[in-house]
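The block underneath contains the structure these notes are about, expressed in C-alpha cells.
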Amino acid sequence: MTTPILEYFWCGDDFDAEPGFAASLRELREFRGRIAWDAGRRPDFRRPDGSFTDDDPHDLVAHHLLLRPPGGGDLIGCCRYAPLETLPCSRIRELDATTADSLCAELACADTDILEGGRLLVAPEWRRHGLASDLLLAGTALARVLSRRVIWGTAGVRQGQEHVFLRLGYRCADAPLIPAPHYADDLRIIVCEPHRVPPESEPRTAEFTVRLTALLAKPVPRGP
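Residue numbers for the sequence shown follow this note's numbering, beginning at 13 and rising by one.
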C-alpha cells in the first residue's frame, strides 16, 4: 500500500484570528464524530440534525496529526497530543488522580515533560493497514521533537485497542479498568517513554522524527 500523507497542525494562541484553522478543526471534529458514532454504537457523537461532531476544548491547545490518502482527499486517520501544562483539565487526572500522581513520581517528571494523547481514530475502510500504528509512532516522534519524556493517555479494551499500544512501547498503568459509557468501552491508562520503543519500531519512528522536525520548522498550516 502506498504511504498515506501525514499532516500536522496546532491551533496555538492565534486560533481565533485564523479562519483557516477553524475550517481545519471543523473537518477534524466532523471526521472524529462520524467515525466514533460507528453506526449508532456511540450515539452521543451524532447531532439531532444528523450531522456528526466531536467538540472538545482540548483540541485548542493540542498538536494534531492527520492522515489522508496517498493522492489526497478526505481524512482517513487522526490523533492528538496536548502539552499537559496547557490543558484546562487533564483527562488522566480526572479519571484517576492517584494513578496520575504515581506515574509522575515513578517517572520523575513534571507537567512540562508530558504529552497527553487522545482521539486515535482510523476510517473503517483503512483499518488493518497499520495506520493506527503509524499515528502512534508519529506521536512518539512528535514527543521527541518537542523534548517530551512521557506520553500518557487511555486505550479501549473491548475491541483490543490497548494491544496496538503495547506493541509500540506503551505499558498499562497498574490501575483498575475505567468504565467509559460515552465511548461504549472500558479504558486502561497507558504510558510511554518516547526514547524507549521496541527495536523493530525504531526505524519507522526515526522516519517520522525527520518528517515532523521538518513540519514543525515550517509556518503552521492554516487550513484552506
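Just so it is clear, CB atoms sit at the ideal spot from N, CA and C, and this is done for glycine as well.
| Asked | Found |
| --- | --- |
| Beta strand (DSSP E) segments (min. 3 residues) lying fully within the segment 120 to 196 | 126 to 134, 162 to 168, 190 to 192 |
| Assumed close pair R216, L149 - CB separation to whole angstroms, cut-off 8 Å | 5 Å |
| E19 in three-state terms, based on DSSP | strand |
| Straight-line Cα distance separating R38 from P82 | 22 Å |
| C-alpha gap between L143 and P136, whole angstroms | 11 Å |
| Cβ pair V169, D197 closer than 8 Å | yes |
| Status (buried if at least 16 other CB within 10 Å, exposed otherwise) for H175 | exposed |
| CB contact flag (R156, G181, <8 Å) | no |
| Contacting residues, own chain, Cβ-Cβ under 8 Å from W49 (five flanking each side not counted) | P55, F57, R58, F64 |
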